[in-house]
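One structure below.
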Amino acid sequence: MKTISLFLFALISVFCYSRENISLHVFVSLCDNEYQGIVPVPKNIGNGDDPNNNLYWGLSEGVRGNFNKNKKWELVYNRKYTNTAVSPIVYERCVYRSLDTNFFLIADAYRGREIYAATVDFLSASINHRDEYLSITNKGVVYIIPVGRGARNIAYIGHNGLMDFALPNIPIENQNNRKNAIVLCCKSMHYFEHVLRKNGANPVLLTKQLMYPASCILENVMYGMMRNESKKQLLHRAAEAYAKNQNISVRSASGIFYEME
14 MKTISLFLFA LISVFCYSRE NISLHVFVSL CDNEYQGIVP VPKNIGNGDD
64 PNNNLYWGLS EGVRGNFNKN KKWELVYNRK YTNTAVSPIV YERCVYRSLD
114 TNFFLIADAY RGREIYAATV DFLSASINHR DEYLSITNKG VVYIIPVGRG
164 ARNIAYIGHN GLMDFALPNI PIENQNNRKN AIVLCCKSMH YFEHVLRKNG
214 ANPVLLTKQL MYPASCILEN VMYGMMRNES KKQLLHRAAE AYAKNQNISV
264 RSASGIFYEM E
């Protein structure tokens, strides 16, 4: 009987999460003074080869820095590619689970010099839905999490590389996937909206001015996405987070973001 009980417990643990899990996959291009056309930031936070101290990743307002300390989220997976010969493009992947829902955040940290690859991977993920999953075991529980083209929601954080290089030619396979897309970089509406719509994706948050892509914006917007809020509500959430981060009014912060149709 004891053996049967242990078997049933293991079986329940394995299947307690199914492929119905909802996820957002964010592609983070590390801030890089040397390899990106940005207004230089302090050297210690603008090194695209130092994820731990990078403005968009390791610092408190970066994706990993924010969510690692966030009591509403649990880190269920972390892989660091310390040897660039193994992964010369991505330094680290973190996966977080919302403690209130079955919503997962997959976050990839791309080397600053690999901003082109980060942009291509993000746009490729916007093309169509494909069965791409990440299987993770954490505390005896197996999570099957949609990633890449399998993710229902995708996001990009970093410098707007399309200001510096030509739009990559990505073949379109499905023009009606309605995948939700967020782009947090300067003037993303002018550079990303047309290609996302062409790919069949559904842009839910874009910017129309220069801005700082603090991860708190993505976090607050995700809470709205979990509740199936409208684009107008998501914009207000983004403005609230940005206003608090920049110490400006919500009205002023609202002008940073593009009001989506």
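Just so we're aligned, residue 14 is where the sequence shown starts under the numbering used here, counting upward by one. Just so it is clear, CB atoms sit at the ideal spot from N, CA and C, and this is done for glycine as well.
Roughly how far, in whole angstroms, is the beta-carbon of Met-43 from the beta-carbon of Ala-122, given that I think they are within contact range, below 8 Å? One detail in the question is off: residue 43 reads as Leu in this sequence, not Met. That belief holds up - the Cβ atoms of Leu-43 and Ala-122 are roughly 6 Å apart, short of 8 Å.
Along the chain, where does the alpha helix (DSSP H) containing Asp-134 start, and where does it finish? 128-138
Would you call the CB atoms of Ala-179 and Ser-139 closer than 9 Å? no
Does the Cβ-Cβ distance between Asp-113 and Met-239 come in under 9 Å? yes
Measure the alpha-carbon distance for Tyr-146 versus Lys-152 and round it to whole angstroms. 19 Å
Glu-105 versus Asn-173 - alpha carbon distance: 21 Å
DSSP three-state call for Cys-107: helix, strand or coil? strand
Look at Phe-11 and Ala-98 and say whether their C-beta atoms are less than 9 Å apart. A query on residue 11 cannot be resolved here, the shown segment of the chain reaching from 14 to 274 and no further.
Tell me whether Arg-124 sits in a helix, a strand or coil according to DSSP, three-state version. coil
Segments assigned beta strand (DSSP E), at least 3 residues, entirely inside the stretch 48-118: 86-93, 103-111
Could you give the residue range of the beta strand (DSSP E) that holds Leu-219? Counted as a single uninterrupted DSSP element, the beta strand (DSSP E) harbouring Leu-219 occupies residues 215-220.
Measuring straight from C-alpha to C-alpha, what distance separates Gln-49 and Leu-136? 19 Å
Can you check which of these residues, Asn-215, Tyr-204, Asn-182, Ile-58, is closest to Met-273 by C-alpha distance? With respect to the C-alpha of Met-273, the residue from Asn-215, Tyr-204, Asn-182, Ile-58 having the closest C-alpha is Asn-215.
Same chain only: Cβ atoms within 8 Å of Arg-191, ignoring 5 sequence neighbours per side: Gly-213, Ala-214, Asn-215
Rounded C-alpha distance that separates Gly-61 from Asn-67: Answer to the nearest angstrom: the Cα atoms are 7 Å apart.
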